[in-house]
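Going by this note's numbering, 32 is the number at position 41 of the sequence shown; the sequence numbering is gapless. For each residue, glycine too, the CB sits at the ideal point set by N, CA and C. If you're wondering where the values come from, they're calculated on a predicted model, not measured in any experiment. This report concerns only the one structure given below.
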Amino acid sequence: MNKKNQPIATGILKLEFPSHFKCIHLATEFARESAHIAGFDRKLSGQIALATDEALTNVVKHAYKGQSDKHIKLAAEITDEALILKIFHTGIPLKKSQIKLPDMNSYIKERRVGGLGLFLMTKLMDEIDYTEGREHCCQMKKYRKKGA
-8 MNKKNQPIAT GILKLEFPSH FKCIHLATEF ARESAHIAGF DRKLSGQIAL
42 ATDEALTNVV KHAYKGQSDK HIKLAAEITD EALILKIFHT GIPLKKSQIK
92 LPDMNSYIKE RRVGGLGLFL MTKLMDEIDY TEGREHCCQM KKYRKKGA
């Protein structure tokens, strides 16, 4: 039996799937189970899954413009300190200069719908980074808290 908040195993888990909205649930559950294996409790595993769902929805909706004939790769790297999720795609890259988190007071006042994906991701994960390349990558990291 492993100690509380310790990974069951370390290493890299990988999943590749079509860029179809119906496949996002499978990938989200992959992230949830990866978080569990990484030693996160049920609540944090759910938060990690939600951040992953938001990131994948953005890839399908914005990077691939809803095209379901493309592919997405999801890698979950489990280390002694953290879970690192990497989402790879070949669609339209997200430029760091385009990232603007909403002003929540204005958002609520205007009663807007949608547009909170990046906001949720930044609140639920410890680090988020975007890189462009042959395959673009959204990397999300969640650290295990000592003694939690």
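Closest to His127 by C-alpha separation, out of Ala46, Ser36 and Ser25, would be which residue?
Translated into the one-based positions of the sequence shown, residue 127 becomes position 136. When only C-alpha atoms are compared, the closest one is Ala46.
Cα-Cα separation between Gln38 and Thr122, rounded to whole angstroms
To locate residue 38, count along the sequence shown from 1; it is residue 47. To locate residue 122, count along the sequence shown from 1; it is residue 131. Between Gln38 and Thr122, the C-alpha separation is close to 23 Å.
Here's the rule: buried if 16 or more other CB atoms are within 10 angstroms of the residue's CB, otherwise exposed. What is Asp44?
Locating residue 44 in the sequence shown gives position 53, counting from the first residue. When all chains shown are included, Asp44 counts as buried.
Helix or strand or just coil, what does DSSP make of Asp32?
Stepping through the sequence shown from its first residue, residue 32 is reached at position 41. Coil at Asp32, not helix or strand.
Glu16 in three-state terms, based on DSSP
For this step, residue 16 is matched to residue 25 along the sequence shown. Per the sequence shown, the amino acid found at residue 16 is His instead of Glu. Helix at His16.
Expressed to the nearest angstrom, what Euclidean distance is found between the alpha-carbon atoms of Asp120 and Gln130?
Numbered from its first residue, the sequence shown carries residue 120 at position 129. Numbered from its first residue, the sequence shown carries residue 130 at position 139. Near 5 Å, if we compare the C-alpha coordinates of Gln130 and Asp120.
Can you tell me the Cα-Cα spacing of Glu24 and Ala18, whole angstroms?
Within the sequence shown, residue 24 is the residue found at index 33, counting from 1. Within the sequence shown, residue 18 is the residue found at index 27, counting from 1. Glu24 and Ala18: Cα-Cα distance of roughly 10 Å.
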